[in-house]
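> Here you go, one structure.
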Amino acid sequence: MIKMNLAFAFLCLFTVEPWRVCSQQQQQRLLVNMTLVPSARASGALCLDGSLPAYHLHRGFGAGKDNWLLQFEGGGWCNDLKSCLDRAKTRRGSTRYMTKWEVFSGILSNNATLNADFYNWNRVKLRYCDGASFTGDAVFTNKTTTLHFKGQKIWEAIIRDLLPLGLGKARKALLSGCSAGGLATFHHCDNFAKYLPTNASVKCLSDAGFFLDERDISLNHTMRYNFKSLVQLQGIEKNLNGNCTRALYFPDLCFFPQYALRYISTPYFILNSAYDVFQFSHILVPPSADMHGHWKQCKANLAECTADQIDTLQGFRLDMLGALRPFYMNSRRGGMFINSCFAHCQSELQETWFGDDSPRINNKTIAEAIGDWYFSRNISKEIDCAYPCDATCHNLIP
Ligand SMILES: *[C@@H]1O[C@H](CO)[C@@H](O)[C@H](O)[C@H]1NC(C)=O
Ligand SMILES: *[C@@H]1O[C@H](CO)[C@@H](O)[C@H](O)[C@H]1NC(C)=O
Ligand SMILES: *[C@@H]1O[C@H](CO)[C@@H](O)[C@H](O)[C@H]1NC(C)=O
Ligand SMILES: *[C@@H]1O[C@H](CO)[C@@H](O)[C@H](O)[C@H]1NC(C)=O
Ligand SMILES: *[C@@H]1O[C@H](CO)[C@@H](O)[C@H](O)[C@H]1NC(C)=O
Ligand SMILES: *[C@@H]1O[C@H](CO)[C@@H](O)[C@H](O)[C@H]1NC(C)=O
Ligand SMILES: *[C@@H]1O[C@H](CO)[C@@H](O)[C@H](O)[C@H]1NC(C)=O
Ligand SMILES: *[C@@H]1O[C@H](CO)[C@@H](O)[C@H](O)[C@H]1NC(C)=O
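Numbered by mature numbering (1 follows the signal peptide of the UniProt record, and there is no 0), the letters in the sequence shown go through residues -23 to -1, 1 to 375 in order.
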């Protein structure tokens, strides 16, 4: 019954700090048109409500005209019929209710000053309307209702639409996404590489998608239950990496990045905050684990957290670093940027991606760290010191 609706989380967070919305609006904004994918209908690759899937494409130019950046949109999940029925009536489950023009900023910006490494690439935003990080393949139907759980097919249909537009001849490519979209990159990374020329440089980036398999403060495996029900409802298991599902006693755990990661062979970059606000409020301290509201004030204002609560948050950070340790140690071509900010999605907003007062580790912005890694300019494995040492954060919680 847990609804994990990120749209709502964002709204709350942004009302806490309204200046964020304002500063977004003041910038010169690039708005990009929506493209529906009619050919998706043939393979049943439809949004929850049966509408056509869509993407937004801004063409590359100059030296970037053969390079492609694909970005999965995020926005939580729906893991039972009720939450999926609700979602099907919103922009999270239907292209009918989506904005037809999307702002391209941060890593999607076309301004060389603001996005030095990717501004002239072909840049695509894949709209999210399946509720399962583009991995489902099932249909629910009874006399009154049909719900399409077709994320995997939507991914395939969009790729097939883009291949003849130039993606099929890409020289360089990066598959990215944030939140539920960041999770999608783990599950489609190697598959993405297979569609592209064998001599292309293909890499993947997850932003705020490293959802941890962690017990909540009441010691319940809340996130495990949530993902397990999602995997069952939307028929996901068959689409997870077979080497992972064969190796694990509970194959649905492969939906968690920390188990899937070692089976991915394409070069990978993990951008995440060690105190990701979504994970804080939905994995570590979900409402169901805090019935008496002991964490209510701490969740709204970090200055109100008790010493014990800060300890609990530090423990979460250490567990995340622990889960990332094999990747840190063993992945030669991998990169990471794990900062200590109360943030969620730092590559899509200009002010957190690249700017004078953007978040930094060792004086490196996220844009620089990812660019250094993508173009092999330098090793890029940055881990921040623990909260509250980092003064460069753009925290979503005051
Ligand atoms: C929007 O995109 C469609 C194709 O998806 C195109 O036919 C239409 O001309 C575009 N509109 C504008 C104003 O760019
Ligand atoms: C690019 O961004 C810079 C810095 O914000 C700004 O001064 C410049 O006008 C922008 N260029 C374009 C073409 O929008
Ligand atoms: C069909 O399923 C939905 C979702 O579970 C439910 O709300 C509805 O009552 C069902 N309709 C019939 C006719 O069983
Ligand atoms: C890959 O090979 C094709 C065909 O030989 C060639 O046209 C293309 O330039 C190569 N791409 C890269 C990135 O080297
Ligand atoms: C644990 O979390 C799951 C998912 O939220 C929930 O269904 C279950 O009731 C919880 N168990 C306990 C003991 O709180
Ligand atoms: C599984 O591992 C084998 C051997 O390492 C590899 O050849 C194969 O491509 C992998 N399969 C997947 C789905 O990653
Ligand atoms: C940090 O980097 C900026 C350029 O991005 C540079 O101007 C500044 O001197 C650097 N600071 C330190 C302490 O190295
Ligand atoms: C590479 O990274 C190291 C450590 O962050 C730094 O000291 C060095 O200056 C970087 N080199 C280049 C060429 O950027």
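For each residue, glycine too, the CB sits at the ideal point set by N, CA and C.
Please state whether DSSP places C(-2) in a helix, a strand or coil.
For the purposes of this step, residue -2 is identified with residue 22 of the sequence shown, where counting begins at 1. Note that C(-2) has pLDDT 35, beneath the 50 cutoff, so the model's placement of it is unreliable and the number below is only indicative. Residue state, collapsed to three classes: helix.
> Can you check the region 249 to 337 for any alpha helix (DSSP H) of at least 4 residues that lies completely inside it and give the ranges in chain order?
273 to 277, 284 to 307 and 327 to 330
> Would you kindly report the start and end of the unbroken beta strand (DSSP E) that includes A115?
Within the sequence shown, the letter at position 138 stands for residue 115. Run containing A115: A115 to T118, per the beta strand (DSSP E) assignment.
> May I ask you to report which of helix, strand or coil DSSP gives S153?
Working through the sequence shown from its first residue, we reach residue 153 at position 176. Reduced to three states, the DSSP call for S153 is strand.
> So the alpha helix (DSSP H) C61 belongs to, where does it begin and stop?
Here the question's residue 61 lines up with position 84 in the sequence shown. Unbroken alpha helix (DSSP H) run through C61: L58 to R64.
> At a cut-off of 6 Å, would you count N218 as near ligand 6, judging by its Cβ distance to the nearest heavy atom?
Within the sequence shown, residue 218 is the residue found at index 241, counting from 1. Yes, Cβ of N218 sits closer than 6 Å to a heavy atom of ligand 6.
> Taking 7 Å as the threshold (C-beta atoms), are F314 and A346 in contact?
For the purposes of this step, residue 346 is identified with residue 369 of the sequence shown, where counting begins at 1. For the purposes of this step, residue 314 is identified with residue 337 of the sequence shown, where counting begins at 1. The answer is yes: Cβ separation under 7 Å.
> So the candidates are A251, M200 and G52; which of them puts its Cα closest to the Cα of R68?
Here the question's residue 68 lines up with position 91 in the sequence shown. Comparing Cα-Cα distances from R68 to each of A251, M200 and G52, the minimum goes to G52.
> Check whether the region 24 to 34 and the region 94 to 108 are in contact - that is, three or more C-beta pairs closer than 8 Å.
yes
> Taking only three categories from DSSP, how would you classify M75?
Locating residue 75 in the sequence shown gives position 98, where the first residue counts as 1. Correct three-state label for M75: coil.
> Return the CA-CA distance between I360 and N88, expressed in angstroms with no decimal places.
Here residue 360 refers to the residue found at position 383 when the sequence shown is read from its first residue. Here residue 88 refers to the residue found at position 111 when the sequence shown is read from its first residue. Answer to the nearest angstrom: the Cα atoms are 28 Å apart.
> How about the region 165 to 174 and the region 223 to 235: do they share at least three Cβ pairs that are nearer than 8 Å?
no
> Which term fits L139, buried or exposed, when burial requires 16 or more other beta carbons within 10 angstroms of its beta carbon?
In the sequence shown, counting from the first residue as 1, residue 139 sits at position 162. It is buried - the Cβ of L139 has at least 16 other Cβ atoms within 10 Å.
> Quick one: residues in its chain with C-beta nearer than 8 Å to the C-beta of Y236, no 5 flanking neighbours on either side, listed in chain order?
Counting from 1 along the sequence shown, the entry for residue 236 is found at position 259. Contacts found: D190, C221, L225 and L230.
> Using a Cβ-based criterion (distance less than 6 Å to any ligand heavy atom), does L261 qualify as near ligand 2?
Locating residue 261 in the sequence shown gives position 284, counting from the first residue. It does not: the Cβ of L261 is nowhere closer than 6 Å to a heavy atom of ligand 2.
> Kindly indicate which residue of C275, A251, I287 and L326 has the alpha-carbon position closest to the one of S317.
Counted from its first residue, the sequence shown places residue 317 at position 340. The option with the nearest alpha carbon to S317 is A251.
> Leaving aside the five residues before and after P15 along the sequence, list all residues of the same chain whose C-beta is less than 8 Å from its C-beta, in chain order.
Within the sequence shown, residue 15 is the residue found at index 38, counting from 1. The residues are L29.
> Less than 7 Å between CB atoms is the rule here; does L173 satisfy it with respect to chain B?
No chain B appears in this structure, which consists of one protein chain only.
> Given 6 Å as the limit, tell me if S60 has its C-beta closer than that to any heavy atom belonging to ligand 5.
Taking the sequence shown and counting its residues from 1, the one referred to as residue 60 is at position 83. S60 Cβ: outside cutoff for every heavy atom of ligand 5.
> State yes or no: is the C-beta of Q327 nearer than 6 Å to some heavy atom of ligand 2?
For the purposes of this step, residue 327 is identified with residue 350 of the sequence shown, where counting begins at 1. No.
> Tell me the DSSP secondary structure of F163 in three-state form.
As a position in the sequence shown, residue 163 is number 186, starting the count at 1. Reduced to three states, the DSSP call for F163 is helix.
> Taking just the CA atoms, how far does R148 sit from W45?
Here residue 45 is taken as the residue at index 68 of the sequence shown, counted from 1. Here residue 148 is taken as the residue at index 171 of the sequence shown, counted from 1. Their backbone Cα atoms lie some 8 Å apart in a straight line.
> Just the Cα atoms here: how many angstroms apart are P264 and N203?
Indexing the sequence shown from 1 puts residue 264 at position 287. Indexing the sequence shown from 1 puts residue 203 at position 226. Using only the alpha carbons, I get a separation of about 14 Å.
> Within a Cβ cutoff of 6 Å, which residues of the same chain sit near C55, ignoring the five residues on either side of it in sequence?
Residue numbering aside, residue 55 sits at position 78 when the sequence shown is read from its first letter. Around C55, the same chain offers C61, R64 and G108 as residues with beta carbons nearer than 6 Å, after the five sequence neighbours per side are excluded.
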